[in-house]
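One line per chain: the protein sequences are A and E, in this order. Here the first sequence stands for residues 5 to 277, numbered as in the working numbering. Here the second sequence stands for residues 659 to 1003, numbered as in the working numbering. Written below as structure tokens is the structure these notes are about.
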Amino acid sequence: MNPTKDWRTFKAVFLRNLKLYTSYKIWIVSTVIWPIPLLALNVYQYMAFGTEANVSEALRQYGGIGMIVVGTIVYLLYNRLLWGTGVSIQSERWMGTVEVLFLTPTNKMIILLASGLSSLIEASWWIVSIFLSGWAIFGVEPQVSSLPAVIASIISTMAALVSVGVFFAGFFVLTRAADQLASGLQAPIRFFSGVAFPVSALPQMLQYISYMIPVTYGILALRKCVLQACDLTGIWIDLAPLWLMTMVFLILGKVALRIVERRAKKTGTLYLY
Amino acid sequence: MPEHAIETDNLTKKFERKAKAEGGGFRQLYRRIRIKKEQIVAVDHISFQIRRGELFGLLGPNGAGKTTTIKLLCTLLIPDEGTAKVNGYDVVSEAEEVQKSLGVVTGGERGLYWRLTGRENLWFFSQLYDVPDRIAKGRIERLLKLVELEERADDQVEKYSRGMKQRLHVIRGLVNDPPILLLDEPTLGLDPASARVIRDFIKKELQGEQNKTILHTTHYMEEADQLCDRIAIIDNGKIIALDTPENLKKTVQRTDVIEMHVSNLRQEDSEKIGTLEGVKKSVVTFTESTVGEATIKIHAEKAEEVMPLATESLIKSGARILTLEQTKPTLEDVFISMTGRKLRD
Chain A
5 MNPTKDWRTF
15 KAVFLRNLKL
25 YTSYKIWIVS
35 TVIWPIPLLA
45 LNVYQYMAFG
55 TEANVSEALR
65 QYGGIGMIVV
75 GTIVYLLYNR
85 LLWGTGVSIQ
95 SERWMGTVEV
105 LFLTPTNKMI
115 ILLASGLSSL
125 IEASWWIVSI
135 FLSGWAIFGV
145 EPQVSSLPAV
155 IASIISTMAA
165 LVSVGVFFAG
175 FFVLTRAADQ
185 LASGLQAPIR
195 FFSGVAFPVS
205 ALPQMLQYIS
215 YMIPVTYGIL
225 ALRKCVLQAC
235 DLTGIWIDLA
245 PLWLMTMVFL
255 ILGKVALRIV
265 ERRAKKTGTL
275 YLY
Chain E
659 MPEHAIETDN
669 LTKKFERKAK
679 AEGGGFRQLY
689 RRIRIKKEQI
699 VAVDHISFQI
709 RRGELFGLLG
719 PNGAGKTTTI
729 KLLCTLLIPD
739 EGTAKVNGYD
749 VVSEAEEVQK
759 SLGVVTGGER
769 GLYWRLTGRE
779 NLWFFSQLYD
789 VPDRIAKGRI
799 ERLLKLVELE
809 ERADDQVEKY
819 SRGMKQRLHV
829 IRGLVNDPPI
839 LLLDEPTLGL
849 DPASARVIRD
859 FIKKELQGEQ
869 NKTILHTTHY
879 MEEADQLCDR
889 IAIIDNGKII
899 ALDTPENLKK
909 TVQRTDVIEM
919 HVSNLRQEDS
929 EKIGTLEGVK
939 KSVVTFTEST
949 VGEATIKIHA
959 EKAEEVMPLA
969 TESLIKSGAR
979 ILTLEQTKPT
989 LEDVFISMTG
999 RKLRD
């Protein structure tokens, strides 16, 4: 453990990712415009079955269209962080730099964490974009009574999602199909975590799966404090599982990374691309 | 400080790969499902030592085990048998110390971030090697100047020529100022002028001025001959000869070398050359098989006796002799005398 060295690594990876991301001007399109159709898709799934007033009435008990807005934000966060952290090793393979990176005397966990946190910069634009379009296009009005609760929810959700990304990154060292695995996880996570509907609407058996996914708790906590004016006392029951998952996934991720790095060096799969 | 910068003892690396499924129909399908694996020995019990400040060459054809050896030494692979030490550190149990002692330069287009500038690439890697910012910036300036890239340092790497990328590769391996450098085919695919710039930089600057210990792999025999203090010739994962270039060439000094360029040569006639009296080894390489153009290298006990026999045999078979000369033995002849193949076969 060398804090100065780890900080240098973190800073270098973080800045590199920002430069790589913004090196083509088209990044503005993917950051600001891309999330809006996704939100609209989720909302119009309901609109297709009745007038806006009718649908809004039916949704009101769950927080109205705001429920979908919050669900979409957390899902996009998950998506971005899984790609930013979990697929970062695969991205190095695509760029042809995975070997030179593994040649350096660095803590690979720091590289993954820096990759995850740099992808949050992009994700934070998505949050702003979705909030603004939810407010301007769909008339969603947040009911916030406790700003600390909102901040705690966002940070806890992000921490849990980064740790999930670190966990997956370990396994992705072994395979060239990381992007396919990450893509394969998108639809199940979107379904089980209740992005566009309340998890309570699922059959009981499926709800057990939902409550093993951090995205579910992030959505629950944020819906409560953004749409139902809950404070910290009202959301701690959702935050506690997030903290627990953060610790568990980080520890598992660290162990997995060490094991699979050794295995990849033993079998010669590290440099496959 | 240990006497040897690099030492290996019976270093071995094996890989598993899927065996080819033969046959057709259900049998092939069944074999594909079973996924039978076969083992390949990429590096086979190799032992060598490299002295500090030495420029040591690993010469061999493609697939001989050069890159695997480099990957074992730089901790990208874990050996199956044997040991290796770099700067006195074990490559398995002291991997981080090994990484700090090394600069690794690979050939080709990979290993750089194309959307970053040359300067940004160097800064990024300097930070990963824990070089303080102030030192890193000064060092990067000096390195860019050494390879004459300072004027293009702030251009994105994707705009660089192949030769410029390779120069950047070389100085990327120097951002941590390591005592030992592993250069894996650093001139691969470069035009002659760019390759000469890299070779001069390695010999004059890295070895001459900076006194780095260098392990240099190549399949260009002229490069190994020109640069290296000692050379290990590697084939099929085994070191088959190790000495100075001069001593290696002395092993074939008693052999006369005849080189011929011919056209209209048929495969079956080319095989007759090796059976002529007085021929020790012969290698025929078809450069344009449709018109039978080929180069023939003959190792003979006495050139004056073999030359008439070879020309007669070729003319009888309808081949046209374009050039015929007796040459001095090169490192390639050392390789031919040991394996019966050319380095670039």
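Note that the Cβ used here is the ideal one computed from N, Cα and C, for glycine as well.
Measuring only the C-alpha atoms, how far is residue i from residue j?
i, j, result
"Q925 of chain E", "E917 of chain E", "18 Å"
"K729 of chain E", "G740 of chain E", "15 Å"
"A268 of chain A", "G120 of chain A", "22 Å"
"T909 of chain E", "K960 of chain E", "16 Å"
"I954 of chain E", "E103 of chain A", "40 Å"
"W87 of chain A", "L116 of chain A", "11 Å"
"F14 of chain A", "V699 of chain E", "39 Å"
"T670 of chain E", "T981 of chain E", "44 Å"
"C234 of chain A", "V154 of chain A", "9 Å"
"L85 of chain A", "L124 of chain A", "7 Å"
"V78 of chain A", "Q94 of chain A", "24 Å"
"T948 of chain E", "S975 of chain E", "16 Å"
"M5 of chain A", "P109 of chain A", "12 Å"
"L231 of chain A", "L243 of chain A", "16 Å"
"L967 of chain E", "I956 of chain E", "12 Å"
"L43 of chain A", "S167 of chain A", "25 Å"
"N869 of chain E", "V828 of chain E", "16 Å"
"N922 of chain E", "I973 of chain E", "10 Å"
"P146 of chain A", "I72 of chain A", "12 Å"
"I255 of chain A", "S157 of chain A", "22 Å"
"E799 of chain E", "L841 of chain E", "22 Å"
Tell me which same chain residues have a C-beta within less than 7 Å of the C-beta of residue i, skipping the five on either side of it?
i, result
"D10 of chain A", "N111, I114"
"P152 of chain A", "L236"
"H1021 of chain E", "Here chain E has residues from 659 to 1003 only, and residue 1021 of chain E is not among them."
"A753 of chain E", "T733"
"V219 of chain A", "V78, Y79, Y82, I193, S197"
Excluding the five sequence neighbours on either side, which residues of its own chain have a C-beta within less than 6 Å of the C-beta of residue i, listed in chain order?
i, result
"Y277 of chain A", "Note that Y277 of chain A scores a pLDDT of 36, beneath 50, so its modelled location is shaky and nothing firm can be said."
"E674 of chain E", "K695, Q697"
"P245 of chain A", "Y221"
"D883 of chain E", "P903, L989"
"D667 of chain E", "S705, G740, T741"
Using the beta-carbon of each residue, which ones in chain A are nearer than 8 Å to residue i?
i, result
"K769 of chain E", "In the sequence as presented, Lys is not what sits at residue 769 of chain E; that position holds Gly. Ordered by position in chain A, the residues that pass the 8 Å Cβ test against G769 of chain E are G100, T101, E103, V104."
"E778 of chain E", "R20, K23"
Which whole-angstrom value is the C-beta distance of residue i and residue j, which I expect to be below 8 Å?
i, j, result
"V602 of chain E", "A794 of chain E", "Residue coverage of chain E in this structure runs from 659 to 1003, which leaves residue 602 of chain E outside it and unanswerable."
"V964 of chain E", "G936 of chain E", "5 Å"
"L24 of chain A", "Y771 of chain E", "7 Å"
"T89 of chain A", "A163 of chain A", "Not a contact, Cβ separation roughly 12 Å."
"V199 of chain A", "I223 of chain A", "7 Å"
"E990 of chain E", "M822 of chain E", "About 30 Å; that fails the 8 Å criterion."
"D887 of chain E", "T902 of chain E", "7 Å"
"F1008 of chain E", "R830 of chain E", "The question about residue 1008 of chain E has no answer, for chain E in this structure spans 659 to 1003."
"L226 of chain A", "T161 of chain A", "7 Å"
"G718 of chain E", "H874 of chain E", "Going by Cβ atoms, the distance from G718 of chain E to H874 of chain E rounds to 12 Å, so no, they are not a contact pair."
"Y190 of chain A", "N83 of chain A", "The displayed chain sequence assigns Gln, not Tyr, to residue 190 of chain A. Indeed they touch by this definition, with Cβ atoms about 7 Å apart."
"G847 of chain E", "G765 of chain E", "7 Å"
"V17 of chain A", "A118 of chain A", "4 Å"
Anything in chain E within Cβ reach of residue i, meaning under 7 Å, just list it in chain order.
i, result
"K284 of chain A", "Residue 284 of chain A is absent from the structure shown; chain A starts at 5 and stops at 277."
"R12 of chain A", "Q785, D788"
"L274 of chain A", "L734"
"A16 of chain A", "F782, Q785, L786"
Please list, in chain order, all residues of the same chain as residue i whose beta carbon is under 8 Å from its beta carbon, the five residues on each side excluded.
i, result
"S971 of chain E", "D927, K930, I931, L934"
"S759 of chain E", "V744, N745, Y747, P836, P837, I838"
"E863 of chain E", "L804"
"L136 of chain A", "none"
Note down, in chain order, every chain A residue with its Cβ under 7 Å from the Cβ of residue i.
i, result
"K758 of chain E", "P109"
"R773 of chain E", "L24, S27"
"E843 of chain E", "Simply none; closest approach about 14 Å."
"E752 of chain E", "Near E752 of chain E there are no residues of chain A at all, since even the closest Cβ is about 11 Å away, more than 7 Å."
"F859 of chain E", "By Cβ distance, chain A contributes nothing, its closest Cβ being about 19 Å from F859 of chain E, past 7 Å."
At a CB-CB cut-off below 9 Å, which residues of chain A make contact with residue i?
i, result
"V762 of chain E", "E103, V104, L107"
"F673 of chain E", "T271, G272"
At 8 Å on the CB atoms, spell out the chain E contacts of residue i, in chain order.
i, result
"R266 of chain A", "I736"
Give me the subset of the stretch 97 to 125 of chain A whose CB atoms are less than 7 Å from a CB atom of chain E, sorted by chain position. Within the stretch 97 to 125 of chain A, the qualifying residues are M99, G100, T101, E103, V104, F106, L107, T108, P109, T110.
Give the residues from the stretch 737 to 750 of chain E that approach chain A closer than 7 Å (Cβ to any Cβ), ordered along the chain. The stretch 737 to 750 of chain E vs chain A, Cβ under 7 Å: nothing.
Determine which residues of the stretch 223 to 257 of chain A have a Cβ less than 8 Å from any Cβ of chain E, and write them out in chain order. If the cut-off is 8 Å between Cβ atoms, the stretch 223 to 257 of chain A has nothing near chain E.
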